[in-house]
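Residue numbers (UniProt numbering): 1 to 183. Glycine is no exception: its CB is placed at the ideal position from the N, C-alpha and C atoms. Remarks on the structure that follows.
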Amino acid sequence: PSFFQFFRNTELESDMDTLLAVVSAVRSLRHQFQLPSSMLFIGCLRSDDVSGNFPDLLPMLTDLANLEVSEVAPLAHEVPEGFMTCPVPGTTSRLSLKIQESHRPEFVHRLEKLMKKSEERREQFLGKAEKYEAIVSRDKKEGKTKPHVIEKNERKARQARGVACSAEEEANRIRDLLQEMAS
Numbered sequence: 001p002s003f004f005q006f007f008r009n010t011e012l013e014s015d016m017d018t019l020l021a022v023v024s025a026v027r028s029l030r031h032q033f034q035l036p037s038s039m040l041f042i043g044c045l046r047s048d049d050v051s052g053n054f055p056d057l058l059p060m061l062t063d064l065a066n067l068e069v070s071e072v073a074p075l076a077h078e079v080p081e082g083f084m085t086c087p088v089p090g091t092t093s094r095l096s097l098k099i100q101e102s103h104r105p106e107f108v109h110r111l112e113k114l115m116k117k118s119e120e121r122r123e124q125f126l127g128k129a130e131k132y133e134a135i136v137s138r139d140k141k142e143g144k145t146k147p148h149v150i151e152k153n154e155r156k157a158r159q160a161r162g163v164a165c166s167a168e169e170e171a172n173r174i175r176d177l178l179q180e181m182a183s
């Protein structure tokens, strides 16, 4: 056994793992919604995995993720109203976030822009799918086209429909988030 294993603070290591997972979750949200790192989040952490000393590490969250955690409580506790809850990957913790009121209009504007972009992408790929489906049906009717070409166009149509479905799901997710924020 290592000489240093007796001096390891496993409680601190566990808390640091949770802290870094929270940082990762916040950065991922910022990237997903294209939010600037200067935008301050206010959060509540629900976790049964952190020690009583975890609040001592909270200033690091402000430095690393521009996140001010106002409350750390067990998972069973209710989340205050107006917070958006998300999982913390690699842990059983849940992080509830709220955007500082001064940044709210900018956040809503960015979400609306992302939703519009997703809807436009959906329309674009539905058009592609319909185009390829029309080519396939024409080629099948004429009977002059080789089967592998028809299969290739069928595959392109399926792929375009898949992209359109993904874009629609993304737009719906953003729409739900906007509605959640409005209530």
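1. In three-state terms, what does DSSP make of residue 93?
2. Is residue 178 near residue 69, with beta carbons less than 8 Å apart?
3. Restricting to Cα atoms, I'd like to know which of 55, 132, 160, 123 is closest to residue 171.
4. What does the alpha-carbon distance come out to for the pair residue 174 and residue 112?
5. So what's residue 122 in DSSP terms, helix, strand or just coil?
6. Put residue 145 into one of helix, strand or coil per three-state DSSP.
7. At 4 residues or longer, and completely inside the segment 48-90: list those alpha helix (DSSP H) runs for me, N to C.
8. Does the separation of the CB atoms of residue 19 and residue 60 fall below 8 Å?
9. Going by beta-carbon coordinates alone, are residue 56 and residue 75 separated by less than 8 Å?
10. Identify the residues that DSSP records as bridge partners of residue 140: which are they?
11. Alpha carbon to alpha carbon, how far is residue 89 from residue 95? Give it in angstroms, no decimals.
Short version:
1. The residue given as residue 93 occupies position 93 in the sequence shown. Residue 93 falls in the coil class under three-state DSSP.
2. Along the sequence shown, one-based indexing puts residue 178 at 178. Along the sequence shown, one-based indexing puts residue 69 at 69. Not a contact, by the Cβ cut-off of 8 Å.
3. Here residue 171 corresponds to residue number 171 of the sequence shown, with the count starting at 1. Nearest C-alpha to residue 171: 123.
4. Sequence index remark: in the sequence shown, residue 174 carries index 174 (1-based). Sequence index remark: in the sequence shown, residue 112 carries index 112 (1-based). Near 8 Å, if we compare the C-alpha coordinates of residue 112 and residue 174.
5. By one-based count along the sequence shown, residue 122 stands at place 122. Correct three-state label for residue 122: helix.
6. Residue 145 sits at position 145 when you count from the first residue of the sequence shown. DSSP places residue 145 in coil when its eight states are reduced to three.
7. 58-65
8. Within the sequence shown, numbered from 1, the residue matching residue 19 stands at position 19. Within the sequence shown, numbered from 1, the residue matching residue 60 stands at position 60. Yes.
9. Here residue 56 refers to the residue found at position 56 of the sequence shown. Here residue 75 refers to the residue found at position 75 of the sequence shown. Taking 8 Å as the Cβ cut-off, residue 56 and residue 75 do not qualify as a contacting pair.
10. Residue numbering aside, residue 140 sits at position 140 when the sequence shown is read from its first letter. Paired residues: none, contrary to the question.
11. As a working note, residue 95 is residue 95 in the sequence shown. As a working note, residue 89 is residue 89 in the sequence shown. Using only the alpha carbons, I get a separation of about 10 Å.
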